[in-house]
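Visitor: Yeah, the sequence shown ends on 211 if you go by the numbering used here, and it's all consecutive. Backbone N, C-alpha and C define an ideal beta-carbon position, used for all residues, glycine too.
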Amino acid sequence: QTPHGPILLKDGALLQIGRTTTIADGNANGRFAKTIITVSRSRDAGRTWEVLCPEIPAAPGENDAPSMFHEPHAVELADGTLVGLVRYHGDDHCMRATRSVDGGKTWTTMEKTPMVGLPPHLIALPDGKLVNVYGRRIAQFGYGEFACISDDGGKTWDAANEIMLQPSSNDDLGYPASCLLPDGDLLTVYYQKRAPKEKTVLMATRWRVTR
Numbered sequence: 001q002t003p004h005g006p007i008l009l010k011d012g013a014l015l016q017i018g019r020t021t022t023i024a025d026g027n028a029n030g031r032f033a034k035t036i037i038t039v040s041r042s043r044d045a046g047r048t049w050e051v052l053c054p055e056i057p058a059a060p061g062e063n064d065a066p067s068m069f070h071e072p073h074a075v076e077l078a079d080g081t082l083v084g085l086v087r088y089h090g091d092d093h094c095m096r097a098t099r100s101v102d103g104g105k106t107w108t109t110m111e112k113t114p115m116v117g118l119p120p121h122l123i124a125l126p127d128g129k130l131v132n133v134y135g136r137r138i139a140q141f142g143y144g145e146f147a148c149i150s151d152d153g154g155k156t157w158d159a160a161n162e163i164m165l166q167p168s169s170n171d172d173l174g175y176p177a178s179c180l181l182p183d184g185d186l187l188t189v190y191y192q193k194r195a196p197k198e199k200t201v202l203m204a205t206r207w208r209v210t211r
């Protein structure tokens, strides 16, 4: 399970990083299941898949409770490194990060990032910068759609200069995703309510990384 689907690698393969569950205590509906992040690959346009990594390791204690990890996304860097971000349901509300340098077979233990929100969507810019967009449904941090930039291939994220793409008056929002336009602008689409009592609508922000 992942909201953004597989990514296309430079060699033409599809890579799917997603969440699956283990059934706990015989509970067949999985409500109290442990969630794990797995990675699979297809070399035939999705007809067949092979599991590359059955479980990306979590930091000690971070996956002891049910339903902690969800809705990951990944991006491939110019050198073939894969960078993944994961929605995390811990008390700090921060996304977790992981990397692979062997095509997705092994991944680093997930680490805390400074980005508060969910779920991630990553895009690599031609100059090497990474852009992550995400929604935030936590009142104390402010509702809305946000973007964060990495200048070093996802090793660090400049949360101090986080970009607000669109504020919101309520928490029914999110799931942004970006594409790069021919002129260098980014188009980020997401859903929100224009007013608290209205139905949700699809919205978009056209913007540019200028740093």
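Report yes if the C-beta distance between TRP207 and LEU186 is below 9 Å; otherwise report no.
Guide: In the sequence shown, the residue the question calls residue 207 occupies position 207. In the sequence shown, the residue the question calls residue 186 occupies position 186. Yes, these two residues count as a Cβ contact at 9 Å.
Visitor: MET115: buried (16+ other C-beta within 10 angstroms of its C-beta) or exposed?
Guide: Here the question's residue 115 lines up with position 115 in the sequence shown. Buried, by the Cβ-count rule.
Visitor: Buried or exposed: where does CYS148 fall if 16 or more other Cβ atoms within 10 Å of its Cβ makes it buried?
Guide: By one-based count along the sequence shown, residue 148 stands at place 148. Per the 10 Å Cβ criterion, buried.
Visitor: At the level of alpha carbons, what is the spacing between GLY84 and VAL75?
Guide: On the sequence shown, position 84 is the one that residue 84 refers to. On the sequence shown, position 75 is the one that residue 75 refers to. Cα to Cα, the separation comes out at about 7 Å.
Visitor: Keeping to the same chain, check which residues put their C-beta closer than 7 Å to that of PRO54; ignore five residues upstream and five downstream.
Guide: To locate residue 54, count along the sequence shown from 1; it is residue 54. Only THR38 meet the Cβ criterion.
Visitor: Report the residue ranges of all beta strand (DSSP E) runs contained in full by the segment 133–167; include only those spanning at least 3 residues, in chain order.
Guide: 144–150, 163–167
Visitor: Please say whether ARG19 and ILE7 have beta carbons closer to each other than 9 Å?
Guide: Numbered from 1 along the sequence shown, position 7 holds the residue referred to as residue 7. Numbered from 1 along the sequence shown, position 19 holds the residue referred to as residue 19. No, the pair does not count as a contact, with Cβ atoms beyond the cut-off.
Visitor: Could you pull the DSSP bridge partners for ALA97 from this structure?
Guide: One-based indexing of the sequence shown puts residue 97 at position 97. DSSP, once it has assigned bridges, lists LEU85, GLU111 as partnering ALA97.
Visitor: Buried or exposed: LEU122, going by 16 or more other Cβ atoms within 10 Å of its Cβ?
Guide: Taking the first residue of the sequence shown as position 1, residue 122 is located at position 122. Classification for LEU122: buried.
Visitor: Could you give the distance in angstroms between the alpha-carbon of GLY212 and the alpha-carbon of LEU82?
Guide: The first residue shown for the chain is 1 and the last is 211, placing residue 212 beyond what the model contains.
Visitor: Which residue wins for smallest C-alpha separation from THR188, given the options GLN1, ARG137, PRO120?
Guide: One-based indexing of the sequence shown puts residue 188 at position 188. Ranked by Cα distance from THR188, the first of GLN1, ARG137, PRO120 is PRO120.
Visitor: Taking the alpha-carbon positions, what's the SER169 to MET68 distance?
Guide: The residue given as residue 169 occupies position 169 in the sequence shown. The residue given as residue 68 occupies position 68 in the sequence shown. Each residue's alpha carbon lies about 27 Å from the other.
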